[in-house]
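Just so we're aligned: the sequence shown equals residues 10 to 207 in the working numbering. Here a beta-carbon is modelled for each residue, glycine too, at the ideal position from N, C-alpha and C. Small disclaimer: the values here were computed from a predicted structure and weren't measured. The next block holds one structure in the form of C-alpha cells; read it before the comments.
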Amino acid sequence: MTDLFQEPEDATSLGAEEREQLLQSWITHRRDLNLAEEENIINGAAWARGRRSRRSADILTADFALMLHKKMFGDVWRWAGAYRTTARNIGIDAYRIPVEVAALFDDVRYWVENKTYPPDDVAVRLHHRLVAIHPFPNGNGRHSRLMADLLVERLGGSPFSWGSGSLAGTGELRRRYVDTLRAADNHDVGPLLAFARS
Numbered sequence: 010m011t012d013l014f015q016e017p018e019d020a021t022s023l024g025a026e027e028r029e030q031l032l033q034s035w036i037t038h039r040r041d042l043n044l045a046e047e048e049n050i051i052n053g054a055a056w057a058r059g060r061r062s063r064r065s066a067d068i069l070t071a072d073f074a075l076m077l078h079k080k081m082f083g084d085v086w087r088w089a090g091a092y093r094t095t096a097r098n099i100g101i102d103a104y105r106i107p108v109e110v111a112a113l114f115d116d117v118r119y120w121v122e123n124k125t126y127p128p129d130d131v132a133v134r135l136h137h138r139l140v141a142i143h144p145f146p147n148g149n150g151r152h153s154r155l156m157a158d159l160l161v162e163r164l165g166g167s168p169f170s171w172g173s174g175s176l177a178g179t180g181e182l183r184r185r186y187v188d189t190l191r192a193a194d195n196h197d198v199g200p201l202l203a204f205a206r207s
C-alpha cells in the first residue's frame, strides 16, 4: 500500500499540520484522495464557468483565485482557498505570496488590455507564473491550469488540452510538462505553449 500523501518527486508535499486538515474520514488510500479531489475540481470548474461575468478582468484578482481554489478543494481540505504559510520545495517564500499574486494579476490585466501577447500566450504565462509562485499548500498546478483555461475562454479561445492526458503521478506526460515549466523558468514559454495545446 502506498502512503496516502505520497506525491511525485516534483510535486508539492504537505506538512504534518496540513495533512491533519483532511476533511473526509473515508479517505484512506491515495485513489480515494484522487477521486475526492477530482470530483471537487469538477464542481469548482462548473462554479467558475457558471458565473455571469465573461470579462477577463473579473477572474484576474486574488479574491477570485482564492475562491476558485476553495471551490476546487474545499470539500476535501480545510486549508483550501488560503495561501500557504510554510516553505515548499518549489515556489517563493510564503510571506511574499500576496504581493506577488497581486503583481501577477496586474501584469496579466495589462497584457490583456494592451494586447501585449496573443490570448494563448497570456494564459500560459499566467499559468507559469502562478505555478512559480506556488501560493497554496497543494493543488497549484491544477488550479493554475484551470485559471489559464478560464482566461483563454474569456479571451475567445478554447480551453487547453494540457497534453491530452493525466498529469498526476510520475509518468512520461508529467515529465514532459515539468520540463516545459522549467524551460519557461528560463524565459522560453514556447515549449509550455506547445504542450498546453498538444
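MET10 versus LEU32: straight-line alpha-carbon distance, rounded: Because the pLDDT at MET10 is just 40, under 50, the model does not fix this residue reliably, and the value given afterwards should be weighed accordingly. For MET10 and LEU32, the gap between their C-alpha atoms comes out near 21 Å.
Between the C-alpha atoms of ASP129 and ARG58, what's the straight-line distance to the nearest angstrom? A direct Cα-Cα distance of roughly 18 Å separates ASP129 from ARG58.
Please state the DSSP three-state secondary structure of ASP171. Here residue 171 turns out to be Trp, not Asp, going by the sequence shown. Here TRP171 sits in helix by DSSP.
Since I believe GLU109 is in contact with ILE68 (beta carbons under 8 Å), could you give me their beta-carbon distance rounded to a whole number of angstroms? Actually they do not touch by this definition, with Cβ atoms about 18 Å apart.
So, at 7 Å on beta carbons, what are the nonlocal neighbours of TRP86 in its own chain, with the 5 sequence-adjacent residues on each side left out? The residues are GLN30, LEU31 and LEU32.
With 16 as the cutoff for other CB atoms within 10 Å, does ASP158 come out buried or exposed? Taking every protein chain shown into account, the CB of ASP158 has 16 or more other CB atoms within 10 angstroms, so this residue is buried.
Collapsed DSSP secondary structure at TRP86 in the structure displayed: Per DSSP, reduced to three states, the secondary structure at TRP86 is strand.
Is DSSP giving LEU176 helix, strand or coil here? The answer is coil: DSSP assigns LEU176 none of H, G, I, E or B.
Could you pull the start and end residues of the alpha helix (DSSP H) that ALA215 belongs to? The structure shown has nothing for residue 215, since the chain only spans 10 to 207.
How far does the alpha helix (DSSP H) with HIS4 in it reach, from first residue to last? Not covered by the structure: residue 4. The range shown for the chain is 10 to 207.
Are three or more beta carbon pairs between the stretch 188-198 and the stretch 122-141 nearer than 8 Å? Between the stretch 188-198 and the stretch 122-141 there are three or more C-beta pairs closer than 8 Å, enough to call the two in contact.
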